[in-house]
Amino acid sequence: MEIYVFIFIVSAKNEVSGCDRRTTLTNYLKEYGNTHSSQLNIAIIDSDEIAHTIYLPGSPCYNKVKKFFETYKDLHTGEHVNIFSEDGMIIDRPKLSAAVFKDPKVRKMINEATHLEIFKEIMKRIFIEFLKSLFVTPRTTTICFVELPLLFETKIFQYIVSTIVCIKTTPERQLQWLMARNHYTEEEAQQRISSQLPVEEKARRSNFVIDNSRDRDYLKIQTFEMVEYCAKNTTTFGLKTFVAFMVLILVLVLVAMIL
1248 MEIYVFIFIV SAKNEVSGCD RRTTLTNYLK EYGNTHSSQL NIAIIDSDEI
1298 AHTIYLPGSP CYNKVKKFFE TYKDLHTGEH VNIFSEDGMI IDRPKLSAAV
1348 FKDPKVRKMI NEATHLEIFK EIMKRIFIEF LKSLFVTPRT TTICFVELPL
1398 LFETKIFQYI VSTIVCIKTT PERQLQWLMA RNHYTEEEAQ QRISSQLPVE
1448 EKARRSNFVI DNSRDRDYLK IQTFEMVEYC AKNTTTFGLK TFVAFMVLIL
1498 VLVLVAMIL
């Protein structure tokens, strides 16, 4: 039994490098896993889905955001900013996103409120996959894909990196996709793109790059090649090594919580 852990960079709510094929690519990963199930177990952890759960009413992250916006006012108008739904209970993600891009202070607060919570949940799910590889599928290798758009912008996540895969497309497609999906003006879409690390720089820092500007057949070929690359080149964790690794991560999390 072995487990490979690495970061898989794709598009999410605030990420535009992968554009509109995340579901397609995820399905290709599952297809590869199904056809090689006797030797390989593919686990996919979606950080965007985790981000949605930590904003649920009553969660620590929700309470921090709610407290902040009780007194927060727009930098330019001085008016109170409401990022909640009409009933005042649910955080409206588009409204929150708009506030984040307008004010660095809001971005800093959101980062501090969410990153550690997301990190802990990711590590929890990785550990669960490791236990499965021990007791459920002991004769297969587990490759754990973590869909994490802002890896380079949030350095805490780089502690769990083994291999980095970047999904890239053309700047023109990035812009068009954001405008179509979120109904942004060209200026608003460009602002979102400019707020993140350029895709070319992400590609330069990655171990494997997938070109998302071509057709779906080519995307499938690249996805299969990527899985094979990772299986051959990614750091392997045995039981003792992985336990030591998890203890180290736990210590880092505790230190981060104290600081």
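Per this note's numbering, the very first residue in the sequence shown carries number 1248; after that it's consecutive. Each residue gets a CB set at the ideal place from its N, CA and C atoms; glycine is no exception.
Beta-carbon contacts of residue i that lie in its chain and below 8 Å, excluding the five residues immediately before and after
| i | result |
| --- | --- |
| ILE1440 | VAL1263, PRO1418, GLN1421, LEU1422 and LEU1425 |
| THR1387 | MET1248, SER1284, SER1285, GLN1286, LEU1287, ASN1288 and SER1380 |
| THR1324 | none |
| GLN1438 | PHE1348 |
Nearest-angstrom beta carbon gap, residue j and residue i [assumed within contact, 8 Å]
| i | j | result |
| --- | --- | --- |
| THR1470 | LEU1272 | 6 Å |
| ILE1365 | SER1294 | 6 Å |
| ILE1457 | GLU1394 | At roughly 13 Å, the Cβ-Cβ gap does not stay under 8 Å, so ILE1457 and GLU1394 are not in contact. |
| PHE1399 | LYS1449 | 6 Å |
| PHE1316 | ILE1330 | 6 Å |
| ASP1321 | VAL1312 | Actually they are not in contact, since the Cβ atoms of ASP1321 and VAL1312 sit about 16 Å apart, beyond 8 Å. |
| ALA1290 | PHE1392 | 7 Å |
In DSSP terms, what residue i is bridged to
| i | result |
| --- | --- |
| ASN1288 | THR1389 |
| LYS1311 | LYS1311 pairs with nothing; no bridge assigned. |
| ILE1338 | PHE1331 |
| LYS1402 | Its beta-bridge partners do not exist; DSSP assigns none. |
| LYS1320 | HIS1327 |
Cutoff 9 Å: residue i Cβ touching any chain B Cβ
| i | result |
| --- | --- |
| GLN1438 | The structure shown contains no chain B, having only a single protein chain. |
6 Å Cβ shell around residue i - same chain, five flanking residues per side excluded
| i | result |
| --- | --- |
| LYS1467 | TYR1275 |
| THR1401 | HIS1362 |
| ALA1436 | LEU1422, LEU1425 and MET1426 |
| TYR1319 | VAL1328 |
| THR1432 | none |
Per-residue burial, residue i [other beta carbons within 10 Å of its own, 16 or more giving buried]
| i | result |
| --- | --- |
| PRO1396 | buried |
| PHE1382 | exposed |
| GLU1376 | buried |
| ALA1427 | exposed |
| ASN1459 | buried |
| TYR1279 | buried |
| ILE1343 | The question names Ile, yet the displayed sequence has Leu at residue 1343. Per the 10 Å Cβ criterion, buried. |
Nearest neighbour of residue i, chosen from the options [CA to CA]
| i | options | result |
| --- | --- | --- |
| GLU1296 | ILE1414, GLU1447, ARG1340 and PRO1307 | ARG1340 |
| THR1361 | SER1380, GLU1472, ILE1403 and ARG1461 | ILE1403 |
| VAL1498 | LEU1363, ILE1414 and GLU1333 | LEU1363 |
| SER1332 | GLU1447, GLU1472, GLN1438 and LEU1303 | LEU1303 |
| TYR1465 | THR1401, GLN1438, ILE1414 and PRO1445 | ILE1414 |
| GLU1359 | GLY1325, GLU1326 and ASN1310 | ASN1310 |
| GLN1443 | PRO1351, ARG1461, THR1324 and THR1432 | PRO1351 |
| LYS1314 | GLU1475, GLY1335, HIS1430 and GLU1434 | GLY1335 |
Cutoff 7 Å; reference residue i; Cβ partners in own chain excluding five residues on either side
| i | result |
| --- | --- |
| GLY1305 | none |
| VAL1347 | VAL1353, ARG1354 and ILE1357 |
| MET1473 | VAL1412, PHE1455 and ILE1457 |
| ILE1301 | CYS1308, THR1361, GLU1364 and ILE1365 |
| ALA1298 | THR1361 and ILE1365 |
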